[in-house]
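Under our numbering, the first residue of the sequence shown carries the number 916, and numbering increases by one thereafter. First up is the structure itself, then whatever we jot down about it.
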Amino acid sequence: MDKILVTGGLGFIGSHTVVELQQEGFEVVIIDNLSNSSEDVVDRIESITGIAAVFEKLDLRDKSLVHSFFRKHKDIKGVIHFAASKAVGESVEKPLHYYENNITTLVYLLQELEKLDAANFIFSSSCTVYGQADELPITETAPVKPAESPYGNTKQIGEEIIKDVCKVSNKLKAIVLRYFNPIGAHESAKIGELPIGVPQNLVPYITQTGIGLREQLSVFGGDYPTEDGTCIRDYIHVVDLAKAHVVALQRLLNNSNKETFEVFNLGTGKGSSVLEAIQSFEKVSGVKLNYKIVGRREGDVTAAYAETTKANKELGWKTKFSLDDAMLSAWKWEQNIRNK
Ligand code: UFG
């Protein structure tokens, strides 16, 4: 049973990935600093899989703690690195926090991985690196555009750092996964997205409005050059996304990777507008959503959806869930956490 470290393993995507890893027979060690997650997720994960994951509260910014952790766990075979700050707006306000939290920590981790006999590394990146792509769907070879925010910049710089290290390292192999828009929750409704305060992302805002926690959803922009005037995104069910991490890791562990540094888009390949997302919610929940079209949000691109051929062929992975499936799971999760 290979031992895998999942950083940020109590977060939204991290927790779903831990479940999938355990269900595939991996031994999982989680580290998380609980800055945007809660410790009871450890028990929630166990209640799904019946397997206790080892959890250590650890802040990756503390280099000596990272070092001691790896001394204790010399048998780690792979690392899936989720731990990072991810709020676009906040990153504009606090750039140094983002560079320290997302970049310094990556460097510390890679320094430790270099000391292992072999290191397999999966990195959480984002379709934000493409900006407004010139062609849709977006392929992995589409140019990386100047970042719109310090958050986006940390993903670009992170990718570059890993690529540079892979070039010279005879130990490190890495896969960068560029996520489109992860949404939804586990079918058990025991784990899901838990935004602190007012949600910044569309789907938690929709479900919180649906349940009555928010008065009204603002739809940012109705005058985009799209069919219904609202932005288009590729919404991917978090469980599909989590499964992709497992197959990417297996690719590295089995040495089936073609290069020591590879990049994959993770999306469904299907674009949906904000209004379509709202319609999907209304359909699966039976709840009429109070929403209003307002001005555009700064930094939003008009449309982004993935070309998925590379991930489908090379990873042998395909999404199974539809937008409706994902929306229903998000709604069940929202109802569950509000005890409704
Ligand atoms: N939207 C609204 N109202 C809201 C929230 C969002 O209309 O209250 C719209 C946005 O304008 C956008 C769409 O819903 O058109 C999706 O917005 P999200 O904030 O859910 O997602 P983004 O596509 O903006 O951001 C996501 C990730 C980021 C990542 C980015 C890359 O959350 O981390 O994709 O494009 F950087």
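Don't be surprised by glycine CBs; every beta carbon is placed ideally from N, CA and C.
- The beta strand (DSSP E) runs lying completely inside the region 1108-1185 and spanning 3 residues or more are 1132-1135, 1150-1152 and 1176-1181, given in chain order.
- For A1100, the CB contacts under 6 Å within the same chain, skipping 5 residues up- and downstream, are G1107, S1244, A1245 and W1248 in chain order.
- Here A1219 carries a coil assignment [DSSP, helix/strand/coil].
- Per the DSSP secondary-structure output, A1089 pairs in a beta bridge with F1036 and F1176.
- DSSP lists Y1150 as the beta-bridge partner residues of N1096.
- Per the coordinates, the alpha-carbon of S1041 lies some 10 Å from the alpha-carbon of G1182.
- Scanning the region 957-1039 from its first residue to its last, the whole beta strand (DSSP E) runs of 3-plus residues come out as 969-972 and 991-996.
- In the three-state scheme derived from DSSP, where H, G and I count as helix and E and B as strand, I1106 is classed as coil.
- The region 1154-1169 makes contact with the region 929-940, as at least three CB pairs between them are under 8 Å.
- According to the DSSP secondary-structure assignment, K918 is paired through a beta bridge with E942 and I991.
- Inclusion of N1035 and G993 in the CB contact set at 7 Å is warranted, their separation being smaller than that value.
- Rounded to the nearest angstrom, the Cβ distance from V1118 to K1207 is 18 Å, too far for a contact under 8 Å.
- DSSP places V1199 inside the alpha helix (DSSP H), whose first and last residues are V1189 to S1200.
- According to DSSP, V1209 shares a beta bridge with F1135.
- DSSP, read as helix, strand or coil, puts S930 in helix.
- Taking I991 as the centre and dropping the five residues before and after it, the same chain places the C-beta of K918 and L920 closer than 6 Å to its C-beta, in chain order.
- Ranked by Cα distance from D958, the first of G924, S950 and R986 is G924.
- For S1244, the enclosing alpha helix (DSSP H) covers residues L1238 to I1252.
- Judged by beta-carbon spacing, T922 lies within the 7 Å limit of H996, meaning their Cβ atoms are closer than that value.
- A contact between stretches requires three or more CB pairs, one per stretch, nearer than 8 Å, and the region 1001-1018 meets this requirement with the region 1055-1070.
- Of the residues I1018, I1090, D1049 and I1147, the one whose Cα lies closest to the Cα of A1192 is I1147.
- In the DSSP assignment, I1076 falls within the unbroken alpha helix (DSSP H) covering P1065 to V1083.
- In the same chain as D1032, and ignoring 5 residues on each side of it, the C-beta atoms closer than 8 Å to its own belong to K1086, in chain order.
- Remark: the C-beta of N1016 is outside contact range of ligand 1, defined as less than 6 Å to any heavy atom.
- Rounded to the nearest whole angstrom, the C-alpha separation of V1162 and K1060 is 28 Å.
- Within its own chain, the residues whose Cβ lies closer than 7 Å to the Cβ of Y1139, once the five positions on either side in sequence are excluded, are T1145, C1146 and T1217, listed in chain order.
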